[in-house]
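Colleague: Residue numbers (the UniProt record's numbering): 1 to 329.
Note that CB positions come from ideal geometry on N, CA and C, so glycine has one too.
Okay, handing you the structure first.
Take a look at the structure:
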């Protein structure tokens, strides 16, 4: 360690007066090794790469390539330690804060980057804030987006032991379709509710039933009922009943979507209305393909939900509620 201390000695260096003395640490008058070379940082990366067994990360924890560019690892989460190898979760807007480890900058703590918060059901959440808006899911605000994981994590099958006798599940609680196609385990989620209770809306699902076996979001058009009040008023409910589950309009008409018009005319089946507080929703449907002609002569193909039957129920979900379809199993 070299100390520069002012004293009365004077050196003439190029016409300038310099006032200092030099003291060298160490009894032998030599610079110590630590003074000549700053403290060596621990090397977390080794080459060639050596990767162990495939990692199994908890729900909501990303499996990412480590900072060495070698192996998949479970990303470090907020408040956990990080280094050049163990990286913070990039999908949650985190970075490794080395500010507390100066001057080595070897070990850090995972922290959130500055970003906007989230708004859900009238409540505001700061970026990085964890909350539980539903008993079934735990969520985190990530730069204006909301990410959720199940609150109850099912144990792997190998840890459950012998399976008990299983009763037949109701249709609403059955598992998503699961099919084996060559080397791809096809998985498909149920279609989400239509985004509109009247007029054309959108419904989506996630499926890997494609050539690359990749999870992709699929969309389809949906039309539960027309929005014209006159049409709804003319629905005749049978005597002694409070609901009419389905109805059709008098003649086939083209459908219109964002300035585009269907090339064919359709007479779809609509879900009806009730005089009490119940609402009618699709019970059975299939997917058809429709062609739309747009301004300029271009054509677009869309998948659409074609309703075949509806059921009237007291549980009426808000299409804008992202947790409306969650159920305890």
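Just curious, the beta strand (DSSP E) that residue 72 is in, first and last residue?
Modeller: Run containing residue 72: 72-74, per the beta strand (DSSP E) assignment.
Colleague: I need the DSSP call for residue 314, collapsed to helix, strand or coil.
Modeller: Coil, per DSSP.
Colleague: Using only the alpha-carbon positions, how far apart do residue 47 and residue 288 sit?
Modeller: Spanning the two alpha carbons is a distance of roughly 55 Å.
Colleague: List in chain order: all unbroken alpha helix (DSSP H) runs of 4+ residues lying wholly within the segment 189-266.
Modeller: Here the runs fully enclosed are 229-233.
Colleague: When DSSP builds the beta bridges, which residues end up paired with residue 134?
Modeller: BP columns for residue 134 point to 137.
Colleague: Who are the near neighbours of residue 101 in its chain, counting only those whose CB is closer than 7 Å to its CB and skipping five residues on each side?
Modeller: Hits under 7 Å: 107, 108.
Colleague: The beta strand (DSSP E) with residue 112 in it runs from where to where?
Modeller: Start and end: 108-112.
Colleague: Which partner residues of residue 306 appear in the DSSP bridge assignment?
Modeller: According to DSSP, residue 306 bridges with 286.
Colleague: For residue 83, which of 89, 64, 311, 96 has the nearest alpha-carbon?
Modeller: The shortest Cα separation from residue 83 among 89, 64, 311, 96 belongs to 96.
Colleague: Do residue 266 and residue 225 come within 9 Å of each other at the CB atom, strictly closer than that value?
Modeller: No; because the gap between Cβ atoms is not below 9 Å, this pair is not in contact.
Colleague: Mind checking which residues open and close the beta strand (DSSP E) that includes residue 145?
Modeller: Start and end: 145-150.
Colleague: Terminal residues of the continuous beta strand (DSSP E) containing residue 124?
Modeller: It spans 123-125 - the beta strand (DSSP E) in which residue 124 sits, taken as one unbroken run.
Colleague: Counting beta carbon pairs with one atom in the segment 296-313 and one in the segment 242-262, are three or more of them shorter than 8 Å?
Modeller: Yes, the segment 242-262 is in contact with the segment 296-313.
Colleague: With a Cβ-Cβ cutoff of 9 Å, do residue 285 and residue 306 count as a contact?
Modeller: Yes. Within cutoff.
Colleague: Output the distance between the C-alpha atoms of residue 53 and residue 72, rounded to the nearest integer angstrom.
Modeller: Each residue's Cα considered, the two are about 10 Å apart.
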